[in-house]
Amino acid sequence: MPTRIPTPEELKSRGNLPRHVAIIMDGNGRWAKARGVPRLLGHRAGREAVREAVRGCAALGVEVLTLYTFSTENWSRPVREVSALMSMLRESLRAEREELKANNVRLQVIGRLEDLPVPVRRAIGEAQDFLAPCTGMLLNLALSYSGRAELVDAIRRIVDERAGRRLAPGDVDDELVASYLYTAGLPDPDLLIRTSGEMRISNFMLWQLAYTELWITDTLWPDFRRRHLYQAIAEYQGRERRFGRVD
6 MPTRIPTPEE LKSRGNLPRH VAIIMDGNGR WAKARGVPRL LGHRAGREAV
56 REAVRGCAAL GVEVLTLYTF STENWSRPVR EVSALMSMLR ESLRAEREEL
106 KANNVRLQVI GRLEDLPVPV RRAIGEAQDF LAPCTGMLLN LALSYSGRAE
156 LVDAIRRIVD ERAGRRLAPG DVDDELVASY LYTAGLPDPD LLIRTSGEMR
206 ISNFMLWQLA YTELWITDTL WPDFRRRHLY QAIAEYQGRE RRFGRVD
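Per this note's numbering, the sequence shown starts with residue 6, numbered consecutively.
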């Protein structure tokens, strides 16, 4: 028998909701291939899954939803596909901002944003300005993102900003490094969801995922819906997080 998916009210009544949910949105290409359609249609079909994830997390009161949207490695894809993805991103930022505002969602973008085309950066800025009055969930998009690049950039900033001032080895601790990450000020993800069944984290939030609970589904991203999100959160609520300690 299929597992019964709890309602939002049931999930909230249980308590222990994740503050920060991160998602590796994988499977658009395989979804398209299985249907004999171009890969770009798979990417476009994934937009509804994004809406479902945002709506579902906002309804539960999740504080932060981070979506692994475009990695630094993705720049090596065919030029035509990259160009289309950037156009779709720009289009989505403009098309979805009214609904985001209706759900009181804020917007943040992390990654090497200087790599993004100027029109995309402009669309990001416009969306952030439009959503600036919002006070609810933070939608955090990882664009031109790499976990290793984030750590390299953090170290570079520490070296640059501390130049001329003596930095003793003992001054370097978890708190210092975290304060220079793209996610400075945000809680680490409590729950990581990965679609398409792949058993890896793909250079995503290497520092922040140290004690994150993982939930992996064979569902391809374009088929991901709110019921999958709620199933993941229900399983998260049933886990015991000891962070290396013993009860």
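Ideal placement from N, C-alpha and C gives every residue a C-beta, glycine not left out.
Note that the coordinates shown come from a computational prediction; the quantities given were computed from them, not determined experimentally.
Residue i, enclosing beta strand (DSSP E) - first and last residue
| i | result |
| --- | --- |
| Ile29 | 25-29 |
| Arg205 | Where Arg205 is concerned, there is no enclosing beta strand (DSSP E), given that its DSSP letter is neither H nor E. |
Residue i versus residue j - alpha carbon distance
| i | j | result |
| --- | --- | --- |
| Leu16 | Ser76 | 32 Å |
| Leu22 | Asp179 | 25 Å |
| Arg85 | Pro194 | 33 Å |
| Glu240 | Ala27 | 15 Å |
| Met6 | Leu105 | Any reading at Met6 must be qualified, since the residue scores a pLDDT of 41, below 50, and its modelled position is unreliable; no value is offered. |
| Thr71 | Asp165 | 28 Å |
| Arg60 | Gln113 | 17 Å |
| Ile29 | Thr140 | 25 Å |
| Arg167 | Val123 | 31 Å |
| Arg98 | Thr74 | According to the sequence as given, residue 98 is Leu; it is not Arg. About 12 Å. |
DSSP-derived helix/strand/coil call for residue i
| i | result |
| --- | --- |
| Ile10 | coil |
| Arg153 | helix |
| Arg247 | coil |
| Trp220 | strand |
| Val113 | The residue you asked about is not Val; residue 113 is Gln in the sequence shown. Of the three classes helix, strand and coil, the one that applies to Gln113 here is strand, per DSSP. |
| Thr188 | coil |
| Leu65 | helix |
| Arg85 | helix |
| Leu197 | strand |
| Leu70 | strand |
| Leu225 | coil |
| Leu94 | helix |
| Leu143 | strand |
Residue i vs residue j beta-carbon contact at 8 Å
| i | j | result |
| --- | --- | --- |
| Gly202 | Thr222 | yes |
| Arg95 | Ala54 | no |
| Leu197 | Ile238 | no |
| Tyr150 | Ile115 | yes |
| Leu254 | Leu191 | Not covered by the structure: residue 254. The range shown for the chain is 6 to 252. |
Beta-bridge partners of residue i, as assigned by DSSP
| i | result |
| --- | --- |
| Phe75 | Leu148 |
Where the alpha helix (DSSP H) containing residue i begins and where it ends
| i | result |
| --- | --- |
| Asn33 | 33-40 |
| Gly175 | No alpha helix (DSSP H) holds Gly175; DSSP gives it neither H nor E. |
| Glu240 | 231-242 |
| Leu136 | 123-136 |
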